[in-house]
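Chemist: To start, I am sharing the structure in question, which I have written as structure tokens.
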Amino acid sequence: DSNPRCALRSAASNPVGARYLFFFNHDVESNRNTPAPGTRHGNELQYLFDPPSPLSALDQRLSASYVGFLADFVKSG
Numbered sequence: 076d077s078n079p080r081c082a083l084r085s086a087a088s089n090p091v092g093a094r095y096l097f098f099f100n101h102d103v104e105s106n107r108n109t110p111a112p113g114t115r116h117g118n119e120l121q122y123l124f125d126p127p128s129p130l131s132a133l134d135q136r137l138s139a140s141y142v143g144f145l146a147d148f149v150k151s152g
């Protein structure tokens, strides 16, 4: 099932091994003023890789935090 609630419920009901989950709900500038505003699947990738347009100062700080978060996760799980 692709419903995130079902996946979360399934993971919680089968406590075997480590589970990692994060939510990305930053209001991405490119999604504003669109027919369907809000956070979309994959929006966080522009903060990990080079974005197609320059990031604002706020988004640059978010990118640095996100990259640091992922680096720490890779190092220590």
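Read in our numbering, the sequence shown has 79 at position 4, and its numbers run on one by one without any break.
Built from N, CA and C at the ideal position, the CB exists for glycine as well.
Quantities reported herein were computed from a predicted structural model and do not represent experimental measurements.
Pairing CB atoms from the stretch 90-106 with CB atoms from the stretch 116-125, are three or more of them under 8 Å?
Modeler: yes
Chemist: Rounded to whole angstroms, what's the CA-CA distance from PRO129 to GLN135? Just pull it up for me.
Modeler: 9 Å
Chemist: Helix, strand or coil for GLY143 per DSSP?
Modeler: helix
Chemist: Nearest-angstrom Cα distance between LYS150 and LEU137?
Modeler: 20 Å
Chemist: Only counting the same chain, and skipping five residues up and downstream in sequence, which positions put a Cβ closer than 6 Å to that of SER140?
Modeler: Exclusion of the five residues before and after SER140 leaves no residue of its chain whose Cβ lies closer than 6 Å to its Cβ.
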